[in-house]
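Asks:
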Amino acid sequence: MDANLVFIVAAFAIVWGALLAYLISLRARGA
Amino acid sequence: MIDRVALVATRELRAERRQPDGVVAAVTFIAVLVLLESLVVGPQIARDADVASALFWLALAFATILATMRSFDRELEDDALEGLVALPGGRDALFGGKVLSLTIVLLLVAAIGGLLSLVLLDLPVALPLHLIVVVLLGVLALPPIVVVDVVLALRLRARAALVPILALPVLVPQLVAATRGTSAALSGDAVGALSWAGLLFAFAVVYTVIGLTIVPAAIE
Amino acid sequence: MTETTIPRGNTLPRIRPWLGIAAAASFVVASVMALFWAPTDAVQGDVYRILYVHVPLAWLAYLAFVIVFLASVGWLWTKRPFFDAVAVASAEIGVLFTGLFLVAGSIWAKPTWGVWWTWEPRLVTTAIMFVMYVGYLLLRGLSTDFSRRATRAAVFGIIAVIDVPIVHLSVLWANSLHQLPTVLRAAGSPALDSSMLLTLMVSLFAYTLIYAYFMSARVSLERARQGRLWTQI
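For the protein sequence lines, the chains are L, C and E, in the order given. Numbering (this note's numbering) for the first sequence: -4 to 26. Numbering (this note's numbering) for the second sequence: 731 to 950. Numbering (this note's numbering) for the third sequence: 5 to 237.
1) Can you list, in chain order, the residues of its chain whose CB lies under 7 Å from that of residue 138 of chain E, leaving out five sequence neighbours each side?
2) Applying the criterion that 16 or more other CB atoms from any shown protein chain within 10 Å of the CB defines a buried residue, is residue 190 of chain E buried or exposed?
3) At which residues does the alpha helix (DSSP H) containing residue 774 of chain C begin and terminate?
4) Check the Cβ-Cβ distances between residue 186 of chain E and every residue of chain C, and say whether any is below 8 Å.
5) If distances are taken between C-alpha atoms only, which option among C:765, C:756, C:778 comes closest to residue 789 of chain C?
6) Between residue 752 of chain C and residue 797 of chain C, how many whole angstroms is the CB-CB distance? I'm expecting something under 8 Å.
7) Along the region 34 to 58 of chain E, where does the CB come closer than 7 Å to a CB of chain L? Name the residues.
8) For residue 846 of chain C, report the span of its alpha helix (DSSP H) as first-last.
9) Mark residue 187 of chain E as exposed unless 16 or more other C-beta atoms lie within 10 angstroms of its C-beta, in which case mark it buried.
10) Go to residue 62 of chain E, then tell me how far its alpha helix (DSSP H) extends in each direction, as first and last residue.
11) DSSP state of residue 45 of chain E, grouped into three classes?
12) To which residues of the same chain is residue 734 of chain C closer than 6 Å at the C-beta, ignoring the five residues directly before and after it?
13) How about the region 71 to 89 of chain E and the region 138 to 158 of chain E: do they share at least three Cβ pairs that are nearer than 8 Å?
14) CA-CA distance, residue 6 of chain L and residue 107 of chain E?
15) So, under 8 Å CB-CB, residue 941 of chain C and residue 878 of chain C are touching, yes? Tell me the CB distance rounded to an integer number of Å.
16) Closer than 8 Å, CB to CB, is residue 19 of chain L near chain E or not?
17) At the level of alpha carbons, what is the spacing between residue 837 of chain C and residue 816 of chain C?
18) Skipping 5 residues on each side, what residues in its chain have a beta carbon closer than 8 Å to that of residue 930 of chain C?
19) What residues from chain E crowd round residue 906 of chain C, counting only those whose CB sits closer than 9 Å?
20) Taking the straight line between their C-alpha atoms, what separation do you get for residue 172 of chain E and residue 131 of chain E?
21) Throw me the rounded Cβ distance for the residue 123 of chain E and residue 114 of chain E pair, which I believe falls under 8 Å.
22) Tell me whether residue 157 of chain E is buried or exposed, calling it buried when 16 or more other Cβ atoms sit within 10 Å of its Cβ.
Rendered as structure tokens:
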């Protein structure tokens, strides 16, 4: 396994997490 | 139109002459910065052409922001804005007049502050004429954008914090060009100094045109 | 304020559920391809997969800011509130995408280049662009009057867009005149074989749909707010 796995996971988790958070915030604001 | 611009500019300059605290504050700011610089990084590094130039232009950028905000604060205090804007071509004249008066004030600040820096840091100036040209054009390139940004932020809370955020990123090209040009003039790179000076002139023209085009829309 | 349009909320919601489904589906496909299907790079190993997220986000961030520019011009020209809604929506999403692609790029850079950040022209320009658009949102956030806010934002939106290429050119010029050693390859992306290219295209498609979906939702949210503002007069 790639030693840099932590970087890959971190990058994807942050990006996906942020996009999801924005989506949720849109819903919360009433979109 | 030109006489209206001159009218606004003269009004501004007279106000500044009556209360030159803007000029005094800006020059003091540069002096303090130069002294700090020498103390913190040591006189050797402070005398480096690049370092000295960068700090000088950063100080001037802040001085521009301060001076422009003060100029418009005076406007708000006097409630003079409405009357001036109501005249035909009034908004253009306002923009032109403010930019002109600020340029003159900043040239004064740059001259005094610059001489002060040269003396305090004992900076060798390889190309004095080139230096003057670069500083002149650099100062010309600063006010247009800052005036637009102050106009945009005019009646907002926290505008003292907002204007630097709006203005500084947009000023990066001018500051880069001015710093490189000044550094080149100090260290004897004539070609470099003149190319940066040319770029600064282009910035001055472009941003003045943008300002003149866009400001009428921005001032209510 | 002479406009009295009541926002037409009908057309967008009808498309939106489908847009959402399409976006989600293509997102899943793209992510699977990016993480598992695309081959491991000979030089960079698996870390390069981050680029499947970084590159599409970058493209869309730039697109988003172009749209802010167009919408800003649209508002100044026609004073139709729709344009202001598009401007704020695109700016918000653009800031989000820019922040994300900078972070993803930084995380990719550490194992690849050895540093979290470098003063390479494109990175510097992007950071400045990010600050400019945060400033745009702050300018909006501090304004209360609808029409003035829209105008202020539009003016600054136009200045910001004009400025980004100028900033980039000046940073490039500054670096070349100073002859900074560019140890890092400017492109920094792996040689693309066909499956990598396909994955990249699918990812780009997926993130474009995500942008479109977010825009659809955010614009209609803004239009609803505008409607409430008008009825309060």
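C-beta: ideal position from N, C-alpha, C; glycine also. Please read these numbers as outputs of a predicted model, since none were measured by experiment.
Replies: The answer reads as follows:
1) Excluding positions up to five away in sequence, the list reads 99.
2) In this prediction, residue 190 of chain E scores a pLDDT of 40, lower than 50, which makes its location untrustworthy; the coordinate-derived value is nonetheless stated afterwards. Around the Cβ of residue 190 of chain E, a 10 Å sphere holds fewer than 16 other Cβ atoms; the residue is exposed.
3) Judged by DSSP secondary structure, residue 774 of chain C falls within the alpha helix (DSSP H) whose first and last residues are 751 to 776.
4) For residue 186 of chain E, the predicted structure reports a pLDDT of 41, less than 50, and the residue's modelled location is therefore unreliable. A value from the coordinates is still provided. By this cut-off, residue 186 of chain E is not an interface position.
5) Cα-wise, what sits closest to residue 789 of chain C is C:756.
6) Taking the Cβ atoms as the reference, residue 752 of chain C lies roughly 5 Å from residue 797 of chain C, within the contact range of under 8 Å.
7) Residues passing the 7 Å Cβ filter: 49, 50, 51, 53, 54, 57.
8) For residue 846 of chain C, the uninterrupted alpha helix (DSSP H) segment begins and ends at 820 to 851.
9) Low local confidence applies: a pLDDT of 37 at residue 187 of chain E is under 50, so the model's placement there is unreliable, with the coordinate-based value given in what follows. With a 10 Å radius around the Cβ and a threshold of 16 neighbouring Cβ atoms, residue 187 of chain E comes out exposed.
10) Here the alpha helix (DSSP H) through residue 62 of chain E covers 55 to 82.
11) Here DSSP, grouped into helix, strand and coil, assigns residue 45 of chain E to strand.
12) Contacts found: 823.
13) Taking 8 Å as the limit for Cβ pairs, the verdict is that the region 138 to 158 of chain E does touch the region 71 to 89 of chain E.
14) For residue 6 of chain L and residue 107 of chain E, the distance between alpha carbons rounds to 8 Å.
15) About 5 Å; that satisfies the 8 Å criterion.
16) Output row for residue 19 of chain L: interface = no.
17) Roughly 30 Å between the two C-alpha positions.
18) Cβ within range, chain order: 864, 867, 868, 870, 871, 904, 907, 908, 911.
19) Listed along chain E are 171, 174, 175, 177, 178, each with a C-beta nearer than 9 Å to that of residue 906 of chain C.
20) Approximately 11 Å, taken between the alpha carbons.
21) Not quite, the Cβ-Cβ distance comes to about 16 Å (not below 8 Å), so this is no contact.
22) Residue burial is scored here from C-beta neighbours: residue 157 of chain E has at least 16 other C-beta atoms within 10 angstroms and is therefore classed as buried.
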